[in-house]
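Residue numbers (the UniProt record's numbering), protein chains in the order written: chain A, 1 to 205; chain B, 1 to 227. Built from N, CA and C at the ideal position, the CB exists for glycine as well. Contents: one structure, followed by commentary.
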């Protein structure tokens with residue numbers, strides 16, 4: 001097509017500019033993704049295997065070379081349950097874990113119904129790669145409504161399977177599993193401290 | 001001076017192979033590629049805190065002598081293959097040594113009796129697990145570290161303009177410097193305490209990640225680390 005060899009039209013240059021400026025998009029997608037500009041095409045675009053269109057509202061065709069699975073992207077671009085719960089509340093257990101090899105940190109909090117022992121609410125904050133964020137997002141949506149016991153039995157393989165994590169990213173799902181275990185542990189120790197305290201109070205009175 | 005290296009490093013693709021090819025030569029570590037900056041082969045024989053300016057100067061000089069672009073069209077063209085390999089080896093060596101975390105990691109890989117690689121998830125996880133189960137104090141100390149790291153990332157997330165970054169950056173540079181100093185101390189001891197060194201290396205990893213996040217900060221952009 002001869003058009004390709006002519007100078008890019010104004011509209012094309014604009015969209016190229018827009019895409020070049022939108023480096024944050026590349027950044028958010030992680031290091032495995034990069035913008036590829038085919039030599040004979042004036043339009044910057046991402047090319048790849050499982051193309052996903054309209055990422056972050058970019059209007060041109062986007063896809064990638066080596067990529068996250070779409071389930072990762074779903075949780076990554078729109079993470080569920082990001083936030084904080086009151087860590088001082090007796091109903092809240094907080095798990096804080098880190099991945100010493102890659103420097104990721106993850107905080108996962110659960111709010112438990114005292115009567116039923118069911119997890120009412122779960123929130124997370126993760127500073128790490130896309131898979132780590134997606135893992136914690138998926139995990140929080142998974143544990144809501146579960147009992148502590150059920151949540152404690154969750155395995156990282158379940159997360160990895162849902163998100164189709166490659167072997168090098170399995171440790172991200174492991175981090176999420178560790179986080180929920182640590183949150184449960186924190187909740188239980190808070191509770192037992194409370195019982196001890198009230199028993200002590202009864203004993204002294 | 002680098003004739004032997006040039007000739008024999010050609011087929012490498014990743015760190016592992018580079019290492020073996022280095023070991024086969026008189027060059028033991030990346031430090032040996034920069035003899036002016038590291039006349040004694042780098043840490044632990046020299047300070048862990050590197051003279052950045054001198055290092056950069058030597059790197060540039062070496063690159064100007066070995067960069068394939070410079071040698072194209074010259075009589076050295078026939079040797080182009082080898083020089084391009086050497087030039088990229090220099091790049092890898094330079095970036096490995098420049099970053100304090102990869103620098104200590106390289107030292108551990110070379111001098112640790114088991115040549116451990118702490119950038120391997122299982123290796124570092126085991127190390128931390130052992131450390132945490134040592135005593136309630138060590139367990140608490142690691143928790144404190146994670147808390148500091150999370151706080152730092154959160155403050156960065158809530159920063160609304162570039163000025164706020166300065167204090168965060170300053171604070172974090174201070175952490176990096178202190179950890180580097182401590183590693184330097186540990187490395188200059190006559191009997192190396194690898195356990196402690198590796199724990200400090202992991203600490204450094206967390207700091208360096210914060211530094212990268214600060215570098216990549218843009219107003220309103222969510223803080224995400226890439227690696």
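So residue i contacts chain A; which residues on that side make the cut at Cβ distance below 7 Å?
i, result
"residue 209 of chain B", "103"
"residue 95 of chain B", "What residue 95 of chain B touches in chain A: nothing, since even the nearest Cβ is about 15 Å away."
"residue 124 of chain B", "100, 101"
"residue 202 of chain B", "100"
Against residue i, what residues of chain B qualify as contacts under a CB-to-CB distance less than 7 Å, listed in chain order?
i, result
"residue 96 of chain A", "143, 146, 147, 150"
"residue 171 of chain A", "121"
Within the continuous alpha helix (DSSP H) that includes residue i, where are the two ends?
i, result
"residue 122 of chain B", "121-134"
"residue 166 of chain B", "162-188"
"residue 101 of chain A", "First-last for residue 101 of chain A: undefined, no H or E at that position."
"residue 59 of chain B", "52-66"
"residue 100 of chain B", "100-111"
"residue 72 of chain A", "70-77"
"residue 149 of chain A", "148-152"
"residue 309 of chain B", "Nothing about residue 309 of chain B can be read from this structure; chain B reaches only from 1 to 227."
"residue 156 of chain A", "156-163"
"residue 208 of chain A", "Here chain A has residues from 1 to 205 only, and residue 208 of chain A is not among them."
Going by other Cβ atoms of all chains shown within 10 Å of its Cβ, with 16 needed for buried, is residue i buried or exposed?
i, result
"residue 237 of chain B", "In this structure chain B extends from 1 to 227, so residue 237 of chain B is not present and cannot be described."
"residue 114 of chain B", "exposed"
"residue 155 of chain A", "exposed"
"residue 52 of chain B", "exposed"
"residue 113 of chain A", "exposed"
"residue 39 of chain B", "exposed"
"residue 62 of chain B", "buried"
"residue 136 of chain A", "buried"
"residue 127 of chain A", "buried"
"residue 21 of chain A", "Interpretation of residue 21 of chain A is limited by its pLDDT of 45, a score under 50 that renders its predicted location unreliable; no figure is taken from the coordinates."
"residue 161 of chain A", "exposed"
"residue 168 of chain A", "exposed"
"residue 94 of chain A", "buried"
"residue 116 of chain A", "exposed"
"residue 195 of chain B", "exposed"
"residue 23 of chain B", "Because the pLDDT of residue 23 of chain B is 41, which lies under 50, any placement of that residue in the model is unreliable, and the number read from its coordinates should be weighed accordingly. By the neighbour-count rule (16 or more Cβ atoms within 10 Å), residue 23 of chain B is not buried but exposed."
"residue 162 of chain B", "exposed"
"residue 123 of chain A", "buried"
"residue 180 of chain B", "buried"
For a contact defined as C-beta to C-beta under 9 Å, what are the partners of residue i on chain B?
i, result
"residue 69 of chain A", "Simply none; closest approach about 17 Å."
How would you write the range of the beta strand (DSSP E) that residue i sits in, first residue to last?
i, result
"residue 124 of chain A", "119-127"
Give the straight-line distance between the Cα atoms of residue i and residue j, rounded to the nearest whole angstrom.
i, j, result
"residue 209 of chain B", "residue 154 of chain B", "13 Å"
"residue 82 of chain A", "residue 30 of chain B", "42 Å"
"residue 69 of chain A", "residue 193 of chain A", "43 Å"
"residue 191 of chain A", "residue 130 of chain A", "34 Å"
"residue 101 of chain A", "residue 178 of chain B", "20 Å"
"residue 19 of chain A", "residue 206 of chain B", "Note that residue 19 of chain A has pLDDT 47, beneath the 50 cutoff, so the model's placement of it is unreliable and the number below is only indicative. Going by the C-alpha atoms only, they are around 32 Å apart."
"residue 165 of chain A", "residue 59 of chain B", "39 Å"
"residue 118 of chain B", "residue 213 of chain B", "21 Å"
"residue 78 of chain A", "residue 200 of chain B", "35 Å"
"residue 145 of chain B", "residue 189 of chain A", "21 Å"
"residue 202 of chain B", "residue 151 of chain B", "18 Å"
"residue 74 of chain A", "residue 172 of chain A", "16 Å"
"residue 17 of chain B", "residue 89 of chain B", "The predicted model places residue 17 of chain B with a pLDDT of 38, which falls under 50 and marks its position as unreliable; any figure quoted below should be read in that light. Their backbone Cα atoms lie some 11 Å apart in a straight line."
"residue 57 of chain B", "residue 65 of chain B", "13 Å"
"residue 47 of chain B", "residue 84 of chain B", "30 Å"
"residue 111 of chain B", "residue 123 of chain B", "16 Å"
"residue 28 of chain B", "residue 120 of chain B", "22 Å"
"residue 135 of chain B", "residue 103 of chain B", "29 Å"
"residue 144 of chain A", "residue 151 of chain A", "9 Å"
In chain A, what lies closer than 8 Å to residue i by C-beta?
i, result
"residue 205 of chain B", "100, 101, 102, 103"
Going along chain B, which residues have a C-beta under 8 Å from residue i?
i, result
"residue 124 of chain A", "Residues of chain B passing the Cβ test: none, with the nearest at roughly 11 Å."
"residue 107 of chain A", "150"
Please list, in chain order, the chain A residues whose beta carbon lies closer than 9 Å to that of residue i.
i, result
"residue 127 of chain B", "100"
"residue 153 of chain B", "105, 125, 127"
"residue 118 of chain B", "100, 101"
**Asked** So does the segment 104-115 of chain A actually touch the segment 170-180 of chain A, counting three or more Cβ pairs closer than 8 Å?
**Response** yes
**Asked** Does the segment 85-94 of chain B come close enough to the segment 126-141 of chain B that 3 or more CB-CB pairs lie under 8 Å?
**Response** no
**Item:** Inter-stretch contact at 8 Å, needing at least 3 Cβ pairs: the segment 120-129 of chain B / the segment 181-193 of chain B
**Value:** no
**Prompt:** Would you call the segment 47-62 of chain B and the segment 190-202 of chain B touching, i.e. three or more CB-CB distances under 8 Å?
**Reply:** no
**Message:** Using 8 Å as the cut-off, can you tell me whether the segment 157-173 of chain B makes contact with the segment 135-146 of chain B, which would need three or more C-beta pairs spanning the two stretches below that distance?
**Reply:** no
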